[in-house]
Structure formats: C-alpha cells, structure tokens
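Read through the structure below, which is laid out as structure tokens, and then see the notes.
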Amino acid sequence: MSANLAGWAARHEVIVLEGCDGVGKTTLAGKLVQQHGYHLTHATRTPDGIDLAERYYNLLALPGRLVLDRSFISELVYGPLLHGRSRLTLAQARDLAAVVGSRGGLLVHVTAPPEVIADRLRRRDGIAPEITLLTAIVSSYDEVFAKLTTHAPTTTIVP
Numbered sequence: 437m438s439a440n441l442a443g444w445a446a447r448h449e450v451i452v453l454e455g456c457d458g459v460g461k462t463t464l465a466g467k468l469v470q471q472h473g474y475h476l477t478h479a480t481r482t483p484d485g486i487d488l489a490e491r492y493y494n495l496l497a498l499p500g501r502l503v504l505d506r507s508f509i510s511e512l513v514y515g516p517l518l519h520g521r522s523r524l525t526l527a528q529a530r531d532l533a534a535v536v537g538s539r540g541g542l543l544v545h546v547t548a549p550p551e552v553i554a555d556r557l558r559r560r561d562g563i564a565p566e567i568t569l570l571t572a573i574v575s576s577y578d579e580v581f582a583k584l585t586t587h588a589p590t591t592t593i594v595p
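Residues are numbered in the working numbering as their position in the sequence shown, beginning at 1, plus a constant of 436.
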C-alpha cells in the first residue's frame, strides 16, 4: 500500500510514522506538515535517565494535529538490537498506542526491503548498516506492529 496522505489527514488527528532509518518517514512527515497543517515532532534518542514513557505521554497530549517522525515503537526495535534492552515495556507501548487511538490517531509502519533501505542510506549518508542488521530491524518492526494492532489503527506502506 502507498501513502494516502490526504485520506489520513481527513481522518486522523495524530499520525505516528515508524520504520527503519532511511525508509522515508521524514519525507512523509514533511508532506503532512506542508500540505495538511500537522505539527512535526521528530524523536531522536532520549538520553538515559529520562522517563521515556512520560516523554511520549506528554508529546501525545500536545493539542492539535501531530505527526511523530519516529516514536515509542522505535525504542522496542532499536533498544534491544543496538543497546541490549528496551527502555519501554510492551505494556507501556500498548498504553501509548491506545493514547494514539483515543486521539483519533494512526500508527503507520513505513517499510521496504532491506536492500532498498541500504541503497537509500548509502545515497543519503554515504554508509549503511550490514544487510543482516537491516533485516533484523525490518523483522522486529513487523513483530512489534503485529502486537499493537489491537490498540490503535495501523497501516503498513512501502513508499
């Protein structure tokens, strides 16, 4: 499925874009901001010692139309793969997904084959992780999204 930005904007106050680095989240977020009046929040890695769940509850409580370019779902993927642990539990992620759902939100799984992602990252950054790591990241996103589908509306796109 491809992105239906106008359709999403007509139906959802909050849109959470999630997926591997280099898959196209920031491009989609920029279009939602420019074409549909969303306020952008780009989540970078939160330093250790900060309550990550509280940070995302506060972000999701902001008024108006929000697009999150990466969020709590990434912690469940990248945390275990790159840091040996997630700083959020699955229960916390489900609760945060429910908050997205209660605000009329949508969780968007942006994905692509690992080889395509590697090519995009090399063109953008001059370097890309090994295909085995990208494959693990893509697979982990698939698994996490499958666990959140009953807590908020979700869709998967390949831009």
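Backbone N, C-alpha and C define an ideal beta-carbon position, used for all residues, glycine too.
Same chain, Cβ closer than 7 Å to residue i, neighbours up to 5 away in sequence not counted
i	result
proline 516	Ser522
Where residue i sits in the DSSP three-state scheme
i	result
aspartate 457	coil
histidine 519	helix
threonine 472	The displayed chain sequence assigns histidine, not threonine, to residue 472. Helix.
valine 452	strand
glycine 594	The sequence shown places valine at residue 594, not glycine. Three-state DSSP puts valine 594 in coil, outside helix and strand.
Pairwise C-alpha distance: residue j and residue i
i	j	result
leucine 464	leucine 441	8 Å
arginine 443	aspartate 484	Going by the sequence as given, residue 443 is glycine instead of arginine. Their Cα atoms are separated by approximately 37 Å.
arginine 414	arginine 556	The chain is shown from 437 up to 595; residue 414 falls before or after that span and cannot be answered.
proline 595	alanine 572	20 Å
threonine 482	tyrosine 492	10 Å
alanine 439	glycine 562	27 Å
isoleucine 567	aspartate 578	16 Å
Residues near residue i by beta carbon distance below 6 Å, same chain, minus five either side
i	result
leucine 496	Val535
Other residues of its chain near residue i: CB distance less than 8 Å, five sequence neighbours each side excluded
i	result
leucine 569	Leu517
Residue i Cβ short of 7 Å to the ligand FMN heavy atom set
i	result
arginine 530	Inclusion of the ligand FMN in the displayed structure is not the case, the ligand content being empty and no account of it being possible.
Original post:
For the region 524 to 574, which segments carrying the alpha helix (DSSP H) assignment without a break, of at least 4 residues, lie completely within its bounds, in sequence order?
Top reply: Those alpha helix (DSSP H) runs which fall completely within the region 524 to 574 and span 4+ residues are 526 to 538, 550 to 561.
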